[in-house]
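Each step along the sequence shown adds one to the number in the working numbering, with nothing skipped, and position 186 is 187. The C-beta atom is built at its ideal place from N, Cα and C for all residues, glycine as well. Keep in mind that this is a model prediction, so the values were computed, not measured. Here is the structure we will look at, set down as structure tokens.
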Amino acid sequence: MKNNLLFLLLLIIQFSFSQTEIVVNGQVFDTDKKPVSGIEIINLVNEKSTISDKLGNFLILAKPDDMLVFSANEFDYKRKSLDQKDINENCLMIELAEHAVQLKNVVVYNYSKINAVSLGIISANVKSYAPAERRLLASNSLNALANTDGTTGGSISADPIFNFLSGRSKELKKQLEIEHKEKMLTRLKTLFINDFYVIKLKIKPDYIKAFQYYVIEDDDFISFTNANNRTAIGFRIIQLSEDFNKLQKNDK
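This is the structure we're talking about:
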């Protein structure tokens with residue numbers, strides 16, 4: 002009798018444990034194995050939902066036998082019933098198929114020769130500059146057409162000399178560097194949600210902003226981001242998180 006009760010108790014404990022929700026880490030990708038962002042993931046059982054980030058990653062509370070659905074306008078609707086193996090996976094991989102849209106007819110117009118250069122708005126081979134870059138170029142430019150008396154000639158504008166003496170060029174270079182870092186920080190915030198830092202990278206919530214500034218100082222991460230290499234970005238930020246967490250432990 003005691004053995005039967007013990008066996009029944011173990012079954013109840015095992016059942017209760019199996020029904021405990023945990024955070025499931027997953028990634029959504031298309032048939033070309035490319036990460037897909039903006040996919041809505043819904044757990045139909047607990048009604049929790051989330052959206053995949055730029056790298057296709059997502060986090061959602063779930064347990065065995067829960068039903069996840071994946072939906073987006075560009076992809077076929079997908080349902081996934083979770084089992085214990087899915088729950089135990091380090092990363093649940095979900096492949097989505099794109100909608101096959103049949104068009105009645107396609108008309109192609111060639112507008113390749115119509116642009117700002119062909120219309121005479123700008124000259125060819127003109128590089129576009131950020132505001133800080135334009136200010137820096139202006140501070141270092143030479144005016145070869147104007148003399149100091151207002152006549153045309155070949156004299157040099159006094160602005161570069163004044164800027165050199167006043168240190169304005171140095172300040173403008175500093176502003177340009179700050180502008181680049183602000184852009185990189187904005188890009189980083191769009192790539193990853195806060196849950197990714199806390200759960201995947203083990204960064205404490207109070208240190209997320211400090212870690213973001215730590216990341217944008219890394220030359221490799223900047224290079225991967227500028228090249229839009231999402232795979233390399235993912236691997237590099239994991240490496241940086243490990244280094245960052247070690248630094249935090251050493252400071253204690």
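- For T51, which three-state DSSP category applies? For the purposes of this step, residue 51 is identified with residue 50 of the sequence shown, where counting begins at 1. Note: T51 maps to strand in three-state DSSP.
- Message: Once DSSP output is grouped into helix, strand and coil, what is the label at F225?
- Response: Stepping through the sequence shown from its first residue, residue 225 is reached at position 224. Note: F225 maps to helix in three-state DSSP.
- Message: I'd like to know if the stretch 177-191 and the stretch 208-215 are in contact, where contact means that at least 3 CB-CB pairs between them fall below 8 Å.
- Response: yes
- Message: Which residues does DSSP list as the beta-bridge partners of I61?
- Response: The count along the sequence shown starts at 1 and reaches residue 61 at position 60. Paired residue(s): V25.
- With DSSP as the reference, label K184 as helix, strand or coil. To locate residue 184, count along the sequence shown from 1; it is residue 183. The answer is helix: DSSP assigns K184 an H, G or I state.
- Nearest-angstrom Cα distance between L241 and I204? Looking up residue 241 in the sequence shown gives position 240. Looking up residue 204 in the sequence shown gives position 203. Their Cα atoms are separated by approximately 11 Å.
- Message: Less than 8 Å between C-beta atoms, sequence neighbours within five positions excluded: which residues of the same chain meet that for I88?
- Response: Counted from its first residue, the sequence shown places residue 88 at position 87. If we look at I88 and ignore the five residues flanking it on each side, its Cβ neighbours are I23, V25, A63, K64 and P65.
- Task: Just grab the DSSP bridge partners of R231 for me.
- Result: Here the question's residue 231 lines up with position 230 in the sequence shown. DSSP output for R231 lists no bridge partner at all.
- Query: What residue from K201, R237 and A98 has the CA that sits closest to P217's CA?
  - Reply: Looking up residue 217 in the sequence shown gives position 216. The residue asked about is misnamed: residue 217 is Ile in this sequence, not Pro. Checking every option, the nearest Cα to that of I217 belongs to R237.
- Terminal residues of the beta strand (DSSP E) in which A73 lies: By one-based count along the sequence shown, residue 73 stands at place 72. Its beta strand (DSSP E) spans residues M68 to A73.
- Taking the C-alpha atoms as reference points, what is the distance between D150 and E172? For the purposes of this step, residue 150 is taken as the residue at position 149 of the sequence shown. For the purposes of this step, residue 172 is taken as the residue at position 171 of the sequence shown. Low confidence applies to D150: its pLDDT is 48, below 50, so where it sits in the model is not reliable, and the reading given next is rough at best. C-alpha separation (whole angstroms): 30 Å.
- Message: Taking the beta carbon of D77 as the centre, do at least 16 other beta carbons fall within 10 Å, making it buried, or is it exposed?
- Response: Walking along the sequence shown from the start, residue 77 turns up at place 76. Under this definition D77 is an exposed residue.
- Message: Here's the rule: buried if 16 or more other CB atoms are within 10 angstroms of the residue's CB, otherwise exposed. What is N58?
- Response: Position 57 of the sequence shown, counted from the first residue, corresponds to residue 58. With 16 or more Cβ atoms within 10 Å of its Cβ, N58 is classed as buried.
- Query: Do you know how far the Cα of I209 is from the Cα of Y198?
  - Reply: Taking the sequence shown and counting its residues from 1, one reaches residue 198 at position 197. Taking the sequence shown and counting its residues from 1, one reaches residue 209 at position 208. Going from the Cα of Y198 to the Cα of I209 covers about 7 Å.
- Which residues in the same chain as I42 place their Cβ atom closer than 8 Å to its Cβ, once the five residues preceding and following it in sequence are excluded? Numbered from its first residue, the sequence shown carries residue 42 at position 41. So the qualifying residues of the chain are G27, V29, S50, T51, I52, S53, F59, I61, L69, V70 and F71.
- Task: Measure the CB-CB distance between L192 and K55 and report whether it falls below 7 Å.
- Result: Here residue 192 refers to the residue found at position 191 when the sequence shown is read from its first residue. Here residue 55 refers to the residue found at position 54 when the sequence shown is read from its first residue. Taking 7 Å as the Cβ cut-off, L192 and K55 qualify as a contacting pair.
- Out of K35, D67 and K34, state which residue places its alpha-carbon closest to the alpha-carbon of L1. Outside the displayed span of the chain (2 to 253) sits residue 1, for which this structure offers no information.
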